[in-house]
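These notes concern the structure reproduced below.
Residue numbers (the working numbering): 7 to 767.
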């Protein structure tokens, strides 16, 4: 090991990395004689330190970041200057950043496990949630935004920890990026659309970045990457985004829904807070068996980086055995070294949801144009022309609801003393006057959206004394009734210490009544899972008025057991199907729904797809697959399918009242059949017209293998094309220790079905 460099009171052991703004060292601090602390020193490069404005911003942002104390954020120990060298001393993490993880899985061609991707994203969100909610000593929000949530700033330790670095430094780094090409190189693909356009940013900008990273971990490749920085920025602004599940068939619909909501370009449709996105990811993770945790991540890191871990361990042993006196280093003098501290004792809440400057690329003379944010349309379709100013609404009246025996619900505070005192004051105000303030609400939105009208609402939860919040403000403690609640669309969060939070969206009509029930359960428990299937698929599912994250087939995890659930399945052109379902604890239940069309209809499919659909000699303008609606009951129709290169097929079909007929046609190719090698398997000699189909429905879901080959699909699936004959069907789900092998017989022109519920204990 080379002789350490003396840097003030620190010893720089080795340089770990260097970028356009700073260099990072593994360092050592001798706190007291005989005690050495390993840490990281980030030292600003000399040419960057000449920029006084950058240094001011660097110090301000680092001071704010230094107030963050969370397991998922790298801790800042010191901020100062030694001579003209500015530095940050911070926690040293033995591990690799996410960019190195990307490189490793690309090299080994072993994808990041799906549960691990969700776990890493959840840990990132836990750190971001702490930062976004941080307040100063006067409880004023600091409005901290990371601004650079990207793979190099996400550290994965060999012990299974996930930590974020460089909070707020991106704002300072952006200052020097105008004069130093390449400083932000590689960062553009992780910016939010509002960052790129120079619009105001808040914590939701970080959530878009998390969505990008989660998408990349699940899909296995970069999301926004172009041939140039400008091309990358344009993709961030407008490239259509496919759910990761379309690239990786193993990604479940509930994860797809989480990713796509985080990647909403419309900020208003994105997750409103890190805690809400974290809630959805936790619900998914806790529904898995076994639950992915730090130990699983540590094991994966050990498997992927064995040599790096061994080298790191050896270096740490060398550091521990350093004899500073033999190196000519005086420990006493080291401890007396002059370091100019730049830490301020108090940081005021001076940051507002600020406006990002438009991105200027190297070689550009003008920035990428920033689009002005469009004002929110009013219900009448007109857009307001004036800015909206927040003002408090008249306080809604709150009534305490009695329990089943008519006894008022007893409230027991489990909050810290200061918060409990504040909450007690609120409760006393409720008892004295029947009123509680909702907090600052957009006055313009209230007047335009509700016309000053209100309704009555009841908030309940399966756990007593749950806190109900809207837009971060406490509404009441459950159970409660509010008789003057503003009409319109709302989204509230139910919270209680020791339980996962629950979010509910609802719409209250003027002078209307509503009841919203929160479901809270403890981490590590799986109340129940409900899988809703429909024929035809693609229907919307709501559980007690709450929409599921994906259309049918929809898996809804975290369903509360022992309570009747109102399951509603809706699809355009069909009657709504409503059922009452009660699940047992930890039950996995499948509800299959056959939807009834509002009018006679025919669903038309063909193999191959894309055939023109002609009904009674008239071109419908549609191609397969499609559905023909509004047909006359009892009438016979001549249905003709035509596709270039294939023989046209005509089928007679009679429309039935309140029933959907299914027409499935295999078209015959007009091209001559190619010669087939003698050693080709019989299954490959079959012509397309001879094919049959297989539908597979299982609980739990499983990967589908046919004749030893993975089909790329997971159950449930409606249609797998196979040649006639007997085939081996293998179903695999390692998480549930499921490995089933059976045989299925396929007949030409027919669909065979395999359906089974497996025991998962």
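A virtual CB, placed ideally from N, CA and C, is assigned to each residue, including glycine.
| query | result |
| --- | --- |
| Sub-9 Å separation of residue 635 and residue 605 beta-carbons | yes |
| Beta carbon of residue 671 nearer than 9 Å to that of residue 661 | no |
| C-alpha distance - residue 133 paired with residue 54, whole-angstrom precision | 29 Å |
| Residue range of the unbroken alpha helix (DSSP H) whose run includes residue 241 | 235–244 |
| Beta-carbon gap between residue 500 and residue 460 smaller than 9 Å | no |
| Residue 46 and residue 97 closer than 9 Å at C-beta | yes |
| Residue 283 (DSSP reduced to helix, strand or coil) | helix |
| Residue 121, enclosing alpha helix (DSSP H) - first and last residue | 120–138 |
| Of the listed residues 577, 572, 659, nearest to residue 608 (C-alpha basis) | 659 |
| Rounded straight-line distance, which links the Cα of residue 702 to that of residue 642 | 32 Å |
| Check whether residue 733 and residue 751 have beta carbons under 9 Å apart | yes |
| Same chain, Cβ closer than 6 Å to residue 764, five either side skipped, listed in chain order | 744 |
| Close-in-space but distant-in-sequence residues of the same chain around residue 561 (CB under 6 Å, 5 per side omitted) | 537 |
| Inter-residue spacing [alpha-carbon to alpha-carbon] between residue 172 and residue 75 | 14 Å |
| Residue interval of the beta strand (DSSP E) (run including residue 509) | 508–514 |
| As assigned by DSSP and simplified to three states, the class of residue 542 | coil |
| Neighbour flag for residue 494 against chain B, beta carbons, 9 Å | The chain inventory of the structure shown lacks chain B, comprising one protein chain alone. |
| Residue 210 beta carbon less than 9 Å from that of residue 279 | yes |
| Residue 226 - DSSP class collapsed to helix/strand/coil | coil |
| Residue 34, DSSP secondary structure in three states | strand |
| C-alpha gap between residue 551 and residue 572, whole angstroms | 8 Å |
| Reference residue 667; option with closest CA among 657, 715, 674 | 657 |
| Residue 305 versus residue 48: straight-line alpha-carbon distance, rounded | 29 Å |
| Cβ-Cβ distance between residue 287 and residue 131 below 9 Å | yes |
| Three-state secondary structure assigned by DSSP to residue 705 | strand |
| Residues of its chain near residue 548, where Cβ-Cβ distance is below 6 Å and the 5 sequence neighbours each way are ignored | 574 |
| Three-state secondary structure assigned by DSSP to residue 98 | coil |
| Which listed residue (580, 198, 18, 543) has its alpha carbon closest to that of residue 93 | 18 |
| Residue 127 vs residue 223 beta-carbon contact at 9 Å | yes |
| Among 663, 622, 632, 169, the one whose alpha carbon lies nearest that of residue 640 | 663 |
| Neighbourhood of residue 135 by C-beta distance below 8 Å, restricted to the same chain and skipping five residues each side | 279, 280, 281, 284 |
| Inter-residue Cα distance where the pair is residue 32 and residue 463 | 57 Å |
| Buried or exposed (CB count within 10 angstroms, at least 16 for buried), residue 153 | buried |
| Where the beta strand (DSSP E) containing residue 476 begins and where it ends | 473–476 |
| Chain-order list of residues whose beta-carbon lies under 6 Å from that of residue 747 (same chain, five-residue window excluded) | 736 |
| Beta bridge counterpart(s) of residue 479 as assigned by DSSP | 476 |
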